[in-house]
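Remarks on the structure that follows.
Residue numbers (our numbering): 75 to 192.
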C-alpha cells in the first residue's frame, strides 16, 4: 500500500501543479471595459442642463410670471413654481380655482402676499 502511495504521490502532485496556473489566470483576468455594468437611469439630481437653477430662498425680489412660465403655456405649474421657493411653499393658497396651475390673474393676486408668506 505504501509503495502504491509513493508511486501515485508524484503523479497527483504533478496534476495539482498543472491545474493551478489556469485557475490563477482565470481569477486574474478582469472584464473588458465594455462589459462593465452600465447605469440605466440618470441620477436623481441629473438635470442634463435643461432645468434652470432655482434662486436662493432668501431672494427678496420674486420672479416674474414670464420667468416662471418656462414652457410658455400662460400658466405656472407646480414644477415651474419650484423656481420661486416662496411661491412653491404657498402654491395651494394662490391656486384659487384648484386646477394645479396658476394663471396670470392668480399670480398677480398673490404677488403682494408672497412677500410676507413663509
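Backbone N, C-alpha and C define an ideal beta-carbon position, used for all residues, glycine too.
All figures in this text were calculated on a predicted structure; none of them were measured in a lab.
Taking only runs that begin and end inside the region 137-171, name each unbroken alpha helix (DSSP H) of 4 or more residues, in chain order. 139-142, 152-155, 159-163, 165-168
Can you tell me the Cα-Cα spacing of residue 183 and residue 145, whole angstroms? 22 Å
Should residue 148 go down as buried or exposed, given a rule of 16 or more other Cβ atoms within 10 Å for buried? exposed
Express the C-alpha separation of residue 172 and residue 164 in angstroms, rounding to a whole number. 13 Å
9 Å Cβ cutoff met for residue 179 and residue 152: Using a Cβ distance threshold of 9 Å, residue 179 and residue 152 do not count as a contacting pair.
Tell me which residues share the same chain as residue 139 and place their Cβ nearer than 8 Å to its Cβ, disregarding the 5 neighbours each side in the sequence. 150, 178, 181, 182
Do you know how far the Cα of residue 154 is from the Cα of residue 143? Rounded to whole angstroms, residue 143 and residue 154 show a C-alpha spacing of 6 Å.
Could you tell me which residues DSSP puts in a beta bridge with residue 176? 150
Sub-9 Å separation of residue 137 and residue 169 beta-carbons: no
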